[in-house]
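A.B. asks: One structure, pasted below without further comment.
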Amino acid sequence: DIALYRAKAEGRGRAVLFRMEHEAGLRERRRIEAELLVAMEAGQLYLAYQPKFSLASGRVKGCEALLRWQHPERGLISPGVFVPVAEETGLIHPITRLVLELACRQAMAWRAEGLEMPVAVNLSAGHFGAEQGVRLVEEALASTGCDPALLEVEVTEGVFLRSTEAASRSFRALRAMGVRVALDDFGTGYSSLSYLQHLPFDVIKVDRAFIAGLDEPGSTGIGPGRRIVDAIVRLAHGLGAEVVAEGVEKPGQLAVLRELGCDHVQGFLLGRPMPAEALAELAQRAPDAKLACSAA
Ligand code: C2E
Ligand code: MG
Ligand code: MG
Ligand code: MG
């Protein structure tokens, strides 16, 4: 009958559409894979630095290095697009080596100019299955002569889905070297809280999904967004870790974060990822007025 015929035709149509999308996706991935290595060698990969501010002083306390790919024809490609491809193909290994070296050199260059600016680098969870992450960090510190105190490593909770034991060993090794460890995108990784018990870390970065909820109507009272961030801040402090709020976009969020005792803030409201020179300039300026305001 007609209804059944329509449903079948529609189903076939969807299947064809799905296959086309799938093939386009595969083509795109193969293209990225093929071009990434060339991009590395041609210097198309570079770092942008996003400031992290202390809520107490309003000053820049450090920064996060974020990878950028300036493609000659396609323009700027986001790490959200090419990092997953690099992770699947193994290219992430040389890419991480490059990122660590650039970040370490930059931190030392800033120090030589009289600017103490710790840099946080994002490491893929895959590096912690067999402690390659630790080796990459060691090599970068050795080859650049960087002070480990200037380096922080950000890893998502995905690291515990693989092996809590290997991750825990890696984190211990990094901290023994004097490198700080941060849990990135905290609260979004489908992982249980139990790993926190076995894990040494210095910083929790509250995912921006929770920060976005902070200036919804309920947040001035006792809304759920605020309660969750409140709980994360207490948990982190109880475990001796510092808290960074990611993705701060609105002044209202700053006020709530200050009330909840959050230590550091990062987000477009205060500073986007920028070139190293711009960050140095920002760090030498007076405390950010938006932070000074919410302190009053
Ligand atoms: P992430 O480590 O959680 O980095 C934060 C992301 O949020 C960055 O996106 C940053 O530009 C963005 N962001 C910062 N403030 C705001 C805000 O106020 N609002 C909004 N909407 N976004 C904000 P980006 O640079 O596109 O990086 C995306 C992800 O790619 C990173 O998430 C990280 O997981 C990964 N990534 C970036 N660089 C590297 C790298 O060198 N190595 C590896 N393995 N992954 C990297
Ligand atoms: Mg990060
Ligand atoms: Mg994050
Ligand atoms: Mg992320």
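FYI, the numbering for the sequence shown is 465 to 760, going by full-length UniProt numbering. Where is the CB? At the ideal position from N, CA and C, for every residue including glycine.
1) I need the DSSP call for Ala744, collapsed to helix, strand or coil.
2) Identify, in the order they occur along the chain, each residue of the same chain with its Cβ nearer than 6 Å to the Cβ of Gly522, setting aside the five sequence neighbours on each side.
3) Report the three-state DSSP secondary structure of Ser683 (helix, strand or coil).
4) According to DSSP, which residues form a beta bridge with Val697?
5) Based on Cα-Cα distance, which residue from Leu587, Glu492, Val729 and Val667 lies nearest to Phe546?
6) Roughly how far, in whole angstroms, is the beta-carbon of Ala744 from the beta-carbon of Leu555, given that I think they are within contact range, below 8 Å?
7) Is Glu688 near ligand 1, judged by its Cβ being under 7 Å from some heavy atom?
8) For Ser683, which residues from the same chain have a beta carbon less than 8 Å from its beta carbon, with the 5 sequence-adjacent residues on both sides left out?
9) Span of the beta strand (DSSP E) holding Arg532?
10) Among Gly593, Ala529 and Ala550, which has the Cα closest to the Cα of Leu566?
11) For the alpha helix (DSSP H) that contains Thr608, what are its first and last residues?
12) Where DSSP assigns a beta bridge to Gly539, which residues make up the other side?
13) What is the DSSP secondary structure of Val712, counted as helix, strand or coil?
14) Taking the alpha helix (DSSP H) that Tyr654 belongs to, which residues open and close that run?
15) Write down the C-beta distance between His591 and Thr628 rounded to the nearest angstrom, noting that I regard them as a contact closer than 8 Å.
16) Would the beta-carbon of Val617 fall within 8 Å of that of Ala646?
17) Which partner residues of Ala646 appear in the DSSP bridge assignment?
18) Would you mind reading off the limits of the beta strand (DSSP E) that contains Ala512?
19) So which of Tyr513, Phe482 and Ala503 has the shortest CA-CA distance to Leu746?
20) Considering only heavy atoms of ligand 1, does any lie closer than 7 Å to the CB of Glu497?
C.D. replies: From the atom records:
1) helix
2) Hits under 6 Å: Pro751, Asp752, Leu755 and Ala756.
3) Reliability fails at Ser683, whose pLDDT of 48 lies under 50, so the model's placement of it is uncertain and the value that follows must be treated cautiously. Helix, per DSSP.
4) In DSSP, Val697 forms no bridge with anything.
5) Glu492
6) Rounded, the Cβ-Cβ distance is 31 Å, inconsistent with contact.
7) Looking at the sequence itself, residue 688 is Pro, so the reference to Glu does not match. Result no, Cβ not under 7 Å from ligand 1.
8) The pLDDT assigned to Ser683 is 48, lower than 50, so where the model puts this residue is not dependable, and the model offers no usable value.
9) Val524 to His535
10) Ala529
11) Looking at the DSSP string, the run of the alpha helix (DSSP H) that includes Thr608 is Gln596 to Thr608.
12) The partner list for Gly539 (beta bridge, DSSP) reads His535.
13) coil
14) From DSSP, Tyr654 is part of no alpha helix (DSSP H); its letter is neither H nor E.
15) With 8 Å as the limit, His591 and Thr628 do not qualify as a contact, their Cβ atoms being about 15 Å apart.
16) yes
17) Glu618 and Val667
18) Leu509 to Ser518
19) Tyr513
20) no
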